[in-house]
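**Q**
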Amino acid sequence: MKLDLLKNFNFVKYYKKLNILSIIFIIFSIFVLLFKGLNLGVDFKGGTLIEIRVESSSISIGEIRQSFLKMNLGDVKVKNFGRKNDYLVKVESLESSDSNFIKKTNTKLSSDLGIDVNFRRVENVGPKVSKELIKSGLLAITLSLLAMLIYIWIRFEWQFSFAAIIAIIHDVIITVGIFSFLSYEINLSIVAAVLTIVGYSMNDTVVIFDRIRENLKKYTKTPISDISNTSTNETLSRTLITSVTTLLALLSIYLFGGAILKGFSFAMIVGVIVGTYSSIFVATPILNYTNVSSKTVLKEEDDKVV
Amino acid sequence: MLYFSKLKLVIIYSIIFFLFLFSLNNFINIKHNLLISKKVNLGLDLQGGSYLLLEVDSTPIIKEKLQNKLIALRKILKENSIKYKNLNVTKSKINFDFQNEDFDKFENIFFDKNSSLNLYFNQYSSYEMDILKNKNNLEISYSKFGLIEIKNSALENSLEIVRRRIDEVGTKDPTIARRGVDRILIELPGLDDPDRIKNLLGKTAKLTFRLVTDEESDFGSELVFFEDNKSQLRVSKRVLLSGDNLENARPSFSNLNNETVVSFTLDRVGAKKFGKITTNSVGKRLAIIIDNKIVSAPQIREPILGGNGQISGNFDIQSASDLSLLLRSGSLPAPLKIIEERTVGPDLGEDSIKAGAVSLLIGFILVILYMFYKYRFLGLVANTALIINLFLLLGILTILEATLTLPGIAGIILTVGMAVDANVLVFERIKEEMRTEKSMIHAFDMGYKNAQSAVIDANITTLISAVILFLLGSGPVKGFAVTLGIGIITTLFTVYFFARHLSSMYVLKNKN
């Protein structure tokens, strides 16, 4: 098997260098987040989103933008969405209280462009709701981190829990940083993606940790750096195979799942890659730095007997 | 780990069999059997439709209630000879100046448990209203519990009216539910034109009949606009008759002046009142006011005694039938505001289903090919388990009559990618065991045994994410949490019961 060539890869050698790289990435992400900010969608910023299909290729994106600007709806953003004649329009929507707002907009746009315009999707989120959605999104992410922290704490020792959480925070910050850098939109489905990334990254880390714990019990005299290297090697083919199958599934969503799922699957793809990397090069090194030894896990065993 | 008792096998395979049957139900139409008439529901994002979140604005009700309190308050102050000045009502408070020494007296009356002015709620052990003293000024406002009661009853009433209005329109399978203390959630699947419903819900439809006057009457008068917002009339503030007395309303055609009108029938009390009004006010103009706009103000030519009447006012058939519908279903206690709306057209929904199905199929094929390439025979075991897994997942979704959304389909595809993980963990472990173990049976046995803790830990972490997402997510995202979460459970089942049994059969057959 090809993977056997990697069976005794020296991961520990790269810990320091890659950790510095991770830190640079995190600092860069935070920097981008602070200075560029996130491109929040209507879910979190409020406003109106309209997906438009125009059954004519002679109409330009500029004409659509012009028509919307004439309606005095505040800030208007128009972009291509999926197919050639599909557009996504985001307006600040100052008139959400008017229940005829959508109908009027459609009539005006249709008469401006001289063609029937199909509103395929309309999302209108009031300021109160968008604030609540931000709150519940942040709450969900915080809660899931806490739940992971506690679960790993119960199953392992605090060093493992600490290491796993650092790795997850690393993944989340970098994924969100990439979204900020590329100005990709953050909406409800991205929050779902981030939560899934939290679960996936944890999943990867736990498998390695499980093996480390097993090996620590088996080889009580071996130093942690050797244990973590062996354990990483032993679980490596599983780590890679699972990443590949998950990425294959995600790639299929990204390519064929339609425009609505693009952001979600992109976030997941980034998250799976970063999460796999962090299990090996962030979570495991922290066990070395916190001096985990066979005593740590054997003590845990004693605790459980009591 | 490789031994299965007969009973266990029967249970495992009957679970698979029944869930498989349920899942099939989504592909064929069986109507006569009640037990398996269940189906997976398609979310609004897949079948098209509208999701509306409405908020009941209770500020006008609070103001109205405070207005009503004013009369009782005046009376009580007079009876107890408490002098007051500058009595007025703002949006949420009653304010007045008084002499400081009267405070104790007033407080005693105000917090009398039997007083009708300030109700005492036994269930909260608290009063309806609070007072705040500021030197010589007294402020009366609703307490926390008073507000809860007002909002509660406003919401309950609004829900009832909203339900009636939507039922009258006749959309299929609407969902109307209360959310929190002041919100109503409405889901209208397969609706082409949400604007009509939005329009109908955007009106409180408060109907009043009031006389047009020139001079100041006892009740006072006010200028009210016509619907065109241009012309206006002075009408008395006294409400002679309101929509509460309406029994029925329907659009009809008036031969008199060739126009569409709304005909209404009053209930017994209403008819009596209406008869009296029209008898006493022949020659005067009667303003028909809906939501503070005059619809029309015809002259009363003769007493109308039968309790039947007509409202005219530039209607076409659509607007006349909409108004009739509103009047029939009753007026909302407070205005409703749409604070969130998500509408998906049916064509986009269809496209999404297609895209979801295509990406599921392709993702599935890619994963199956990869697993076969990696593990050959064991790959076939994993792939069979994966197929069974999908049917189990669909079967459970069917039994729960869960709602499948576009993110939900993504959750299924993700399950496909991640479900093989548990098998991979086991297979890798078996390979490792094979290096030290001579006996294949033993290697398989140890493989399943030793991989168990990693498999469980790895899946529980993902399950935690799914549960949190389910609890805090909304709409389509919730659908993702459902498929992801159930996918994990079916994965554990197929790997540890089904795939393990398949491998055990293989190993036991090949032990020689």
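Protein sequences, first through last, are from chains A and B.
Here the first sequence is numbered in my numbering, starting from 1052 and rising by one per residue.
Here the second sequence is numbered in my numbering, starting from 2 and rising by one per residue.
We put the beta carbon where it would ideally sit given N, CA and C, even for glycine.
Only a predicted model underlies this, so the values are computations on that prediction, with no experimental measurement involved.
Could you check whether the Cβ of B:Phe481 sits closer than 8 Å to any Cβ belonging to chain A?
**A** By this cut-off, B:Phe481 is an interface position.
**Q** Run down chain B in chain order and give the residues with a C-beta less than 8 Å from the C-beta of A:Leu1091.
**A** Near A:Leu1091 there are no residues of chain B at all, since even the closest Cβ is about 16 Å away, more than 8 Å.
**Q** Can you list the residues of chain B that A:Asp1261 reaches, using a CB-CB cut of under 7 Å?
**A** The contacting residues are Ser454, Ala455 and Asp458.
**Q** State buried or exposed for A:Leu1312, treating a residue as buried only when at least 16 other CB atoms are found within 10 Å of its CB.
**A** By the 10 Å Cβ count, A:Leu1312 comes out buried.
**Q** Quick check on the burial criterion: 16 or more other C-beta atoms within 10 angstroms. Buried or exposed for B:Pro334?
**A** Looking at its Cβ environment, which holds 16 or more other Cβ atoms inside 10 Å, B:Pro334 is buried.
**Q** Please state the DSSP three-state secondary structure of B:Met130.
**A** Residue state, collapsed to three classes: strand.
**Q** Flag B:Pro408 as yes if its beta-carbon sits less than 8 Å from any beta-carbon of chain A, otherwise no.
**A** For B:Pro408, the answer is yes, since a Cβ of chain A falls inside 8 Å of its Cβ.
**Q** Can you give the beta carbon distance from B:Leu45 to B:Glu188, rounded, assuming they're within the 8 Å contact cut?
**A** Indeed they touch by this definition, with Cβ atoms about 6 Å apart.
**Q** Residues of chain B with CB closer than 7 Å to the CB of A:Tyr1251, please, in chain order.
**A** Near A:Tyr1251 (Cβ distances below 7 Å), the residues of chain B are Thr463.
**Q** Under 7 Å from any heavy atom of the ligand ATP, does the C-beta of B:Glu188 make it?
**A** Inclusion of the ligand ATP in the displayed structure is not the case, the ligand content being empty and no account of it being possible.
**Q** Excluding the 5 residues preceding and the 5 following B:Asp348 in the sequence, name in chain order all residues of the same chain whose CB lies nearer than 8 Å to its CB.
**A** Closer than 8 Å at Cβ, skipping near neighbours: Gly49.
**Q** Could you check what DSSP says for B:Ser68 in three-state terms: helix, strand or coil?
**A** Sequence check: residue 68 of chain B is Gln here, not Ser. In the structure shown, B:Gln68 sits in a helix (DSSP, three-state: H, G or I).
**Q** Would A:Val1258 pass as an interface residue toward chain B - the criterion being a Cβ-Cβ separation below 8 Å?
**A** Judged by the 8 Å Cβ criterion, A:Val1258 is in contact with chain B.
**Q** Under a Cβ-count criterion, where at least 16 other Cβ atoms within 10 Å of its own Cβ denotes burial, should B:Gln300 be classed as buried or exposed?
**A** So B:Gln300 counts as exposed.
**Q** How would you list, in chain order, the residues of chain B whose beta-carbon sits under 8 Å from the beta-carbon of A:Leu1160?
**A** Neighbours of A:Leu1160 on chain B: none; closest Cβ ~15 Å, over 8 Å.
**Q** Flag B:Thr344 as yes if its beta-carbon sits less than 8 Å from any beta-carbon of chain A, otherwise no.
**A** Yes, contact with chain A.
**Q** With burial defined as no fewer than 16 other Cβ atoms inside 10 Å of the residue's Cβ, what is the status of A:Asp1255: buried or exposed?
**A** That one is buried.
**Q** Contact criterion: CB-CB distance below 8 Å. Does B:Asn230 meet it with respect to chain A?
**A** Not closer than 8 Å to any Cβ of chain A, the Cβ of B:Asn230 fails to qualify, so no.
**Q** CA-CA distance, B:Leu362 and A:Gly1308?
**A** Distance between the alpha carbons of B:Leu362 and A:Gly1308: 11 Å.
**Q** Closest to B:Ser159 by CA distance: which of B:Arg179, B:Lys199 and B:Ser264 is it?
**A** It is B:Arg179.
**Q** Evaluate B:Ile388 with the Cβ neighbour count: other Cβ atoms within 10 Å of its Cβ, from every protein chain shown; 16 or more gives buried, anything less gives exposed.
**A** It counts as exposed.
**Q** Can you give me the C-alpha to C-alpha distance between B:Gly474 and A:Gly1188, rounded to a whole angstrom?
**A** B:Gly474 and A:Gly1188: Cα-Cα distance of roughly 8 Å.
**Q** Run the CB neighbour count on B:Gly448, radius 10 Å, all protein chains shown included, and call it buried at 16 or more, exposed below.
**A** So B:Gly448 counts as buried.
**Q** If you measure from the beta carbon of A:Ile1324 to each beta carbon in chain B, is any gap under 8 Å?
**A** With 8 Å as the cut-off, A:Ile1324 does not count as an interface residue toward chain B.
**Q** Determine contact between the segment 1108 to 1123 of chain A and the segment 1205 to 1214 of chain A, defined as no fewer than three beta-carbon pairs at a distance below 8 Å.
**A** No, they do not touch.
**Q** B:Asp422 versus chain A: which residues are under 9 Å apart at the beta carbon?
**A** Within chain A, the residues near B:Asp422 are Asn1254, Val1258, Arg1289, Ile1292, Thr1293, Thr1296 and Thr1297.
**Q** Could you tell me the boundaries of the beta strand (DSSP E) in which B:Ser313 lies?
**A** Residues Asn309 to Phe316.
**Q** Enumerated in chain order, which unbroken segments of the alpha helix (DSSP H) with a length of 4 residues or greater are wholly contained in the segment 53 to 114 of chain B?
**A** Entirely contained in the segment 53 to 114 of chain B, the alpha helix (DSSP H) runs reaching 4 residues are, in chain order, 60 to 80 and 104 to 111.
**Q** What is the DSSP secondary structure of B:Asp458, reduced to helix, strand or coil?
**A** DSSP places B:Asp458 in helix when its eight states are reduced to three.
**Q** Count the CB pairs spanning the segment 459 to 466 of chain B and the segment 364 to 377 of chain B that are closer than 8 Å, and state whether there are at least three.
**A** No, the segment 459 to 466 of chain B is not in contact with the segment 364 to 377 of chain B.
**Q** Measure from the C-beta of B:Ile389 to each C-beta in chain A and report whether the shortest distance is under 8 Å.
**A** So, not an interface residue.
**Q** Would you check if the segment 1314 to 1334 of chain A and the segment 1241 to 1256 of chain A touch, i.e. whether three or more CB-CB distances between them fall below 8 Å?
**A** Yes, they touch.
**Q** Helix or strand or just coil, what does DSSP make of B:Ile290?
**A** Note: B:Ile290 maps to strand in three-state DSSP.
**Q** Out of B:Met130, B:Ala356 and B:Asp196, which has the shortest C-alpha to C-alpha gap to B:Glu108?
**A** B:Glu108 has its Cα closest to that of B:Met130, out of B:Met130, B:Ala356 and B:Asp196.
**Q** Which value, in whole angstroms, describes the spacing of the CA atoms of B:Met441 and B:Ser6?
**A** Answer to the nearest angstrom: the Cα atoms are 21 Å apart.
**Q** Using only the alpha-carbon positions, how far apart do B:Tyr371 and B:Thr491 sit?
**A** Whole-angstrom Cα-Cα distance: 21 Å.
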